[in-house]
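Using my numbering, read the sequence shown as starting at 10 and increasing by one per residue. Just below is one structure, and these are the notes that go with it.
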Amino acid sequence: MSSLRYRPPTFTTLEDARAFLAEFLPKQREAERLAKEESDGILLKPGHREWELYRRLLETRESEYSLSLDRALLENELKLVIGKADGLEQVATWKSHEVKKFDEAAFKLAEPKFFAAFVRVSLQRKFRLQ
Numbered sequence: 010m011s012s013l014r015y016r017p018p019t020f021t022t023l024e025d026a027r028a029f030l031a032e033f034l035p036k037q038r039e040a041e042r043l044a045k046e047e048s049d050g051i052l053l054k055p056g057h058r059e060w061e062l063y064r065r066l067l068e069t070r071e072s073e074y075s076l077s078l079d080r081a082l083l084e085n086e087l088k089l090v091i092g093k094a095d096g097l098e099q100v101a102t103w104k105s106h107e108v109k110k111f112d113e114a115a116f117k118l119a120e121p122k123f124f125a126a127f128v129r130v131s132l133q134r135k136f137r138l139q
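In structure tokens form, the structure reads like this:
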């Protein structure tokens with residue numbers, strides 16, 4: 010069995026949560042810092058550890074996707090029960106509310122000079138599995 014076998018974080022105590030965050034947060038901050046840097050065009054060769062991380066990530070994404078479909082199905086079933094009502098007492102609400110959204114495409118068409126004046130170019134890195 011691999012030493013990298015994935016175990017989802019379980020927090021039964023405050024110390025468990027602190028231990029997880031002590032490992033997670035520095036890695037998260039470093040990944041965020043690297044995301045702002047320009048990549049150098051080099052493709053590295055993966056070793057055993059990287060292949061194991063890749064395998065685990067595929068499994069995790071598959072589980073996450075399956076759970077998201079299950080969640081959507083369950084939510085949709087409750088929404089169908091709710092219908093046009095505001096919700097189910099002590100279970101869920103599904104109330105209507107207005108949302109204002111900026112129509113960027115229409116603004117760009119109507120005011121191209123103003124639009125161009127406020128466009129900022131930024132560097133991003135997209136993480137894609139192969």
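Glycine included, every Cβ here is placed at the ideal spot set by N, Cα and C.
Cβ pair residue i, residue j closer than 8 Å
i           : j           : result
residue 101 : residue 87  : yes
residue 134 : residue 44  : yes
residue 17  : residue 29  : no
residue 83  : residue 91  : no
residue 124 : residue 136 : no
Whole-number beta carbon distance between residue j and residue i, since they are thought to touch under 8 Å
i          : j           : result
residue 47 : residue 138 : Actually they do not touch by this definition, with Cβ atoms about 21 Å apart.
Spatially closest choice to residue i from the options, by CA coordinates
i           : options    : result
residue 106 : 29, 99, 95 : 95
Residue i Cβ short of 7 Å to the ligand SAH heavy atom set
i          : result
residue 81 : Summarising the ligand content, the structure contains no ligands, and the ligand SAH is consequently not present.
Review point. Between the segment 108 to 122 and the segment 30 to 45, do at least 3 Cβ pairs fall closer than 8 Å?
Key: No, the segment 108 to 122 is not in contact with the segment 30 to 45.
Practice item. Would you mind listing the alpha helix (DSSP H) stretches within the segment 62 to 138 that are 4+ residues and don't spill past its ends, in chain order? Key: Counting only runs that start and end inside the segment 62 to 138, the alpha helix (DSSP H) elements of at least 4 residues fall at 113 to 119, 121 to 126.
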